[in-house]
Amino acid sequence: MAHQSTYEPKTAFTRWMDSRLPVIRMAYDNLLDFPTPRNLNYMWTFGGILAFCLFVQIVTGIVLAMHYAADTSVAFDSIEHLMRNVNYGWLIRYTHAVGASMFFFAVYLHIFRGLYYGSYKPPREILWILGVLIFLAMMATAFMGYSLVWGQMSFWAVTVITNLFSSLDSVVSGLGTGIVQWIWGGFAVNDATLNRLFSLHYLLPFVIAGLVGLHIWALHVTGNNNPTGVPLRDPKTEALPFHPYFTAKDGFAIAVFGLIFAYFVFYMPNYLGHADNYVEANPLQTPPHIVPEWYFLPFYAILRAIPSKLGGVIAMFGAIVVLFFIPWLDTARERSTRYRPIYKYFFWLLVVTCLALGYLGAKPPEGGYLVAGRIFTAYYFIHFLIVMPVIGIIETPKSRPQSIADSILGGGNSSQPAVAAAEKR
Amino acid sequence: MASTTDDPVTRRDFIHVAATAFAGVGAAAMLWPLVDQMNPDATALSLASIEVDLSPIDTGQAITVMWRGKPIFIRNRTPEEVEAAKAVQMDELKDPVARILGETVQEPATDEALTKSGYEQWLVAVGICTHLGCIPKGQRIGDERGPFGGWFCPCHGSAYDTAGRIRLGPAPTNLEVPPYEFLSDTRIRIG
Amino acid sequence: MSKILSMRNFRTSTLGAALLLVTAYASPSFAAGEAVEIPRQEWTFSGMTGYFDKAQLRRGYQVYQNVCAVCHGMRQLYYRNLSEPGGPEFSDARVKDIASQAQVTDGPDDNGEMFTRSGTPADKFVLPYPNEKAAAAAMGGAVPPDLSLMAKARAPAHAHAWYTEPYFWMVDIVTGYQEGGADYLYALLTGYADEPPAGIDVLPGLYYNEAFPGHQIAMPSPLADGFITYEDGTEETVANYSKDVTAFMMWAAEPKLEERKKMGLTVMIYLGIFAILMYLSKRALWRKVPH
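Chains as they are written, first to last, in numbering that gives the first Met the number 0: chain P, 0 to 424; chain Z, 0 to 190; chain L, 0 to 290.
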């Protein structure tokens, strides 16, 4: 760990424990005493929010598995049985379904926070890569979970997404088809497919939990980044123990997040889903518009922007793979975009691009939508592959505080008293 | 407390305690749906009663029917078996209480309490050993019926008499009697 | 302090980003969808305090039972649901009576034969056809869909210009609009016309409907004024029949709606207070340290 342990076992039992398996010391150092920069803003609360989301998904998911039957003939009805007859079944299922959306909402903000403040730059490369792996595992888990509902959208999403692999037929004849049939366990999406999706959907959250453990471990080796991007020098003046300062702050953030979460669970539980998924899967009839869940839309837009089948698949996976290389693609001297006068605009252009791709992913790939989809897809890759390395070299950063302490205490910034006064009010 | 509310330290402490307590109450409230979902659901609670035709059961024979997922023993007892059951004194019984499902008042486990008057030859009981849930032997001709001529549980050797009362072995209570009524001389409705 | 400034930047930049999104590609060649504007109705079950009008659900059940149930099943429902809280809340005796009029296939009996008996409240709604193939055979190929989830299985498409869509999404979220399915069903049931508009050729065996995507539907107009006699004096019009049966279908699709919205209010109030307490707690802690 990056900081000296300050834990002192006080009772005979904790002393005994500490010399055998120091879990209490570990919990104390990582959850209570960890020195955390004072100047973190609310964008840094999404780590705690995401831990909360994962916890909610695992707990409600275990309960749902007690009532779900992974058999194509009864899967859909078993969920309706849960919604209607099981005590609080509707609450648990809606929480799980809305929870998936909330999880992605939080993770996207968490990712963009990392991008804005350069949280991927050395020495946090591994931390970032673990984060991208978590994101990948989340996407796989969410996709499989959605398929278990066995509604029309579930069925056709599984059919379409697994068929992506058939594009490999153009590389080696028969390879893609072989892989697809292996995934299906048959010649179409069937009972065997549903069962393996269920098995993996139950497994992957625990893989995510393990990755989250590593993610936090890596975080606690390097310490938190902060809005200035300046490394923490003096924990005494620049940091605060995680508890109670950040537990209270994260707790407040989770409560506000919980309000939004609850609003959707209780008043708009179906708004983020698709009406078609309340129609049981019918292998003979594709719904008129197949649209993935909202959190996959940007990637779906990239898939459809490329006119070749294999090319689209490569672009879609490439959009995620490129994230792994960001620590080395960004050549900037400054971490925080706050002190990067040129890159700043490109960052927001990337945000717009992702939002636009999300919008276009829900639209039919024709006419202006298709043209726009191609332009934004191009920019998505240009941003990471060209803008990031080039701007980093040609840009002259603005002056920044020399230390976190400078930033906290004003560092000659004349507007401080006014703001402090405003805060008091 | 009232005199010290101006003390900022106390007020701050109060707000931390209040926030933590509030979080605890919320967490506890969230726990209930997660526990309650394991209780029998609305379908299980609404399970219909069943009707059984008794006419094919000759004297001395027995059948087993399913009711709410449990086996129900229905035995057409011989006059000797009825007499043996009636002759038993309450102080001979290990469990002197009639275990009738849905009854709050507990009566002595006399044969009269365990059967319907006018239909004394019919014994209807839940066919589950009250020890650890095995199904006792004694329904089929040739089954081991134990020393009291009723039922004998092969798992741990509990022996029941011809009125389904526990007489020997580890089982603590008599076989349960489900709620039922005679619709005619040869037809009952259980549940 | 500089943190506050940067948060402000974060916000103004977001606004700028949104504006950019709107103006970035105002291309005229965007595909104009053929979505029909579905008018929104007043429903008792909408909004945060939504509830079902019991009398309306009872009338709706009457319409369903006498008209829809001839062809459409509701396989997720049990007769007992009709007396459960949050629904039509018929009396137990009435539900027993309703159920007993249904002929339930049960078995096999001791001889291995299936037999029919009269229903009980614990039985599922008896379906008009034993399976989909039988329905298709009887209806000339068009299977009448199950109605138990219909009010959640349909959602009208937005008929707005693309650049205004995000605005309407926000409005829907803020107003808690979840009644798209009900609005669509009402529009469909009231959307039949005696004569299709000029220029539209309706195929044989199909009927013109204003709300149905493509305007040609296999179901003939199921309702007519005075078709069903209401006992509570409600006017016997197609509009009322449609509204009542739509409400009934909404309940059938979401029988726990009332329970959900009631619990939601408690949860939201709890979380609101909790958020305030956490904020005060956080502020009390952080006030002591420069940050």
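We put the beta carbon where it would ideally sit given N, CA and C, even for glycine. Computed from a predicted structure; not experimentally measured.
Can you pull the DSSP bridge partners for Tyr206(L)?
As a working mapping, residue 206(L) is identified with position 207 in the third sequence. Paired residue(s): Ile216(L).
Nearest-angstrom Cβ-Cβ length linking Tyr116(P) and Asn224(P), presumed shorter than 8 Å:
The residue you call residue 116(P) lines up with position 117 of the first sequence. The residue you call residue 224(P) lines up with position 225 of the first sequence. Right, their Cβ atoms sit about 6 Å apart.
Extract the residue ranges of the beta strand (DSSP E) inside the segment 96 to 147 of chain L, only unbroken runs of 3 or more that lie entirely within it.
List check, beta strand (DSSP E) in window: 102 to 105, 114 to 117.
Would you mind sorting Met113(L) into buried or exposed? The rule is 16 or more other CB atoms within 10 Å of its CB.
Mapped onto the third sequence, residue 113(L) falls at position 114. Counting Cβ neighbours within 10 Å, Met113(L) comes out exposed, since fewer than 16 surround it.
What number of angstroms, rounded off, separates the C-alpha of Pro135(Z) from the C-alpha of Gly149(Z)?
Here residue 135(Z) refers to the residue found at position 136 of the second sequence. Here residue 149(Z) refers to the residue found at position 150 of the second sequence. Each residue's Cα considered, the two are about 9 Å apart.
Helix, strand or coil: which one does DSSP assign to Lys193(Z)?
Only positions 0 to 190 of chain Z appear in the structure, and residue 193(Z) is not among them; the question remains open.
Whole angstroms are fine: how far does the CA of Trp285(L) sit from the CA of Ser1(L)?
Within the third sequence, residue 1(L) is the residue found at index 2, counting from 1. Within the third sequence, residue 285(L) is the residue found at index 286, counting from 1. In this predicted model, Ser1(L) has a pLDDT of only 42, less than 50, meaning its place in the structure is not dependable; the value taken from the coordinates is given anyway. In a straight line, the C-alpha of Ser1(L) is about 16 Å away from that of Trp285(L).
Comparing alpha-carbon positions, which option in Ile14(Z), Cys154(Z), Glu82(Z) lies nearest Thr161(Z)?
As a first step, residue 161(Z) must be located in the second sequence, where it is residue number 162. Selected option, being the one with the closest Cα: Glu82(Z).
For the putative contact between Leu63(P) and Pro32(Z), defined by C-beta atoms under 8 Å, what is the C-beta separation to the nearest angstrom?
On the first sequence, residue 63(P) is found 64 positions in, with the first residue counted as 1. On the second sequence, residue 32(Z) is found 33 positions in, with the first residue counted as 1. Rounded, the Cβ-Cβ distance is 12 Å, inconsistent with contact.
Suppose the cutoff is 6 Å on Cβ atoms and the five residues either side in sequence are ignored; what does the same chain contact list for Thr58(Z) look like?
Working through the second sequence from its first residue, we reach residue 58(Z) at position 59. Within its own chain, the residues whose Cβ lies closer than 6 Å to the Cβ of Thr58(Z), once the five positions on either side in sequence are excluded, are Asn75, Thr77, listed in chain order.
What's the gap between the Cα of Gln177(L) and the Cα of Trp168(L)?
Here residue 177(L) is taken as the residue at index 178 of the third sequence, counted from 1. Here residue 168(L) is taken as the residue at index 169 of the third sequence, counted from 1. The alpha-carbon atoms of Gln177(L) and Trp168(L) are separated by roughly 12 Å.
Under a three-way DSSP split, which group does Ala31(L) fall into?
Locating residue 31(L) in the third sequence gives position 32, where the first residue counts as 1. For Ala31(L), the predicted model reports a pLDDT of 37, less than 50, meaning its position is unreliable; a value from the coordinates is still stated below. DSSP places Ala31(L) in coil when its eight states are reduced to three.
Going by DSSP in three states, Ile407(P) sits in which element: helix, strand or coil?
One-based indexing of the first sequence puts residue 407(P) at position 408. Helix, per DSSP.
For Trp121(Z), the residue or residues it bridges with in DSSP
Numbered from its first residue, the second sequence carries residue 121(Z) at position 122. DSSP output for Trp121(Z) lists Asn75(Z) as bridge partner(s).
Coarse secondary structure for Asp160(Z), derived from DSSP in three states
Taking the first residue of the second sequence as position 1, residue 160(Z) is located at position 161. Asp160(Z): strand per DSSP, three-state reduction.
Which residue's Cα is closest to the Cα of Cys133(Z): Phe147(Z), Gln120(Z), Cys154(Z), Pro146(Z)?
Taking the first residue of the second sequence as position 1, residue 133(Z) is located at position 134. When only C-alpha atoms are compared, the closest one is Cys154(Z).
Counting only C-beta atoms, is Asp243(L) closer than 9 Å to chain Z at any point?
Reading the third sequence from its first residue, position 244 is the one you call residue 243(L). So, not an interface residue.
Would you say Ala41(Z) faces chain P, with C-beta separation under 9 Å as the test?
Residue 41(Z) sits at position 42 when you count from the first residue of the second sequence. Chain P contact via Cβ: present.
Is it buried or exposed, Lys255(L), if we count other Cβ atoms within 10 angstroms and call 16 or more buried?
Here the question's residue 255(L) lines up with position 256 in the third sequence. Burial call: buried.
List the endpoints of the continuous beta strand (DSSP E) containing Met65(Z).
Translated into the one-based positions of the second sequence, residue 65(Z) becomes position 66. Where Met65(Z) is concerned, the enclosing beta strand (DSSP E) stretches over 61 to 66.
So what does DSSP say about Ala238(P), is it helix, strand or coil?
Start at 1 with the first residue of the first sequence, and residue 238(P) comes out as number 239. Correct three-state label for Ala238(P): strand.
Out of curiosity, what's the CA-to-CA distance linking Pro289(L) and Arg399(P)?
Mapped onto the third sequence, residue 289(L) falls at position 290. Mapped onto the first sequence, residue 399(P) falls at position 400. One C-alpha to the other measures close to 19 Å.
Contacts of Phe154(P) in chain L (Cβ-Cβ under 8 Å)
Taking the first residue of the first sequence as 1, we reach residue 154(P) at position 155. Going along chain L, no residue has its Cβ under 8 Å from Phe154(P), so there is no contact; the nearest lies around 14 Å.
Taking Cβ positions, are Phe383(P) and Phe295(P) nearer each other than 9 Å?
Your numbering for residue 383(P) matches position 384 in the first sequence. Your numbering for residue 295(P) matches position 296 in the first sequence. Not closer than 9 Å, so no.
Who are Val58(P)'s beta bridge partners in DSSP?
For this step, residue 58(P) is matched to residue 59 along the first sequence. DSSP, once it has assigned bridges, lists no residue as partnering Val58(P).
According to DSSP, simplified to helix, strand and coil, what is Gly46(P)?
On the first sequence, position 47 is the one that residue 46(P) refers to. It is helical.
Hey, does Asn189(P) have any beta-carbon neighbour from chain Z nearer than 9 Å?
Against the first sequence, residue 189(P) aligns to sequence position 190. Closer than 9 Å: no.
Report yes if the C-beta distance between Gly228(P) and Arg112(P) is below 9 Å; otherwise report no.
Position 229 of the first sequence, counted from the start, is the residue given in the question as residue 228(P). Position 113 of the first sequence, counted from the start, is the residue given in the question as residue 112(P). No, Cβ-Cβ distance for Gly228(P) and Arg112(P) is not below 9 Å.
Can you tell me where the alpha helix (DSSP H) holding Ser307(P) begins and where it ends?
Against the first sequence, residue 307(P) aligns to sequence position 308. First-last for Ser307(P): undefined, no H or E at that position.
By how many angstroms is the C-alpha of Lys308(P) removed from the C-alpha of Leu434(P)?
With chain P running from 0 to 424 in the structure shown, residue 434(P) is simply not present.
Which residues, in order along the segment 89 to 108 of chain L, keep a beta-carbon less than 9 Å from a beta-carbon of chain Z?
Per Cβ criterion, the list is empty.
When Cβ atoms are compared, which residues of the segment 202 to 215 of chain L fall closer than 9 Å to chain C?
Structure shown: chain C not included; protein chains present are P, Z and L.
With distances taken between CB atoms, is the gap from Tyr266(P) to Gly86(L) smaller than 9 Å?
Residue mapping note: residue 266(P) aligns to position 267 of the first sequence, counting from 1. Residue mapping note: residue 86(L) aligns to position 87 of the third sequence, counting from 1. Not a contact, by the Cβ cut-off of 9 Å.
According to DSSP, what are the bridge partners of Tyr77(L)?
Residue numbering aside, residue 77(L) sits at position 78 when the third sequence is read from its first letter. Note: Tyr77(L) sits in a beta bridge opposite Lys123(L).
First and last residue of the beta strand (DSSP E) that includes Tyr179(Z)?
Position 180 of the second sequence holds residue 179(Z). Segment 179 to 183, the beta strand (DSSP E) holding Tyr179(Z).
Please confirm whether Ile268(L) has its beta-carbon closer than 9 Å to some beta-carbon of chain Z.
As a working note, residue 268(L) is residue 269 in the third sequence. Not closer than 9 Å to any Cβ of chain Z, the Cβ of Ile268(L) fails to qualify, so no.
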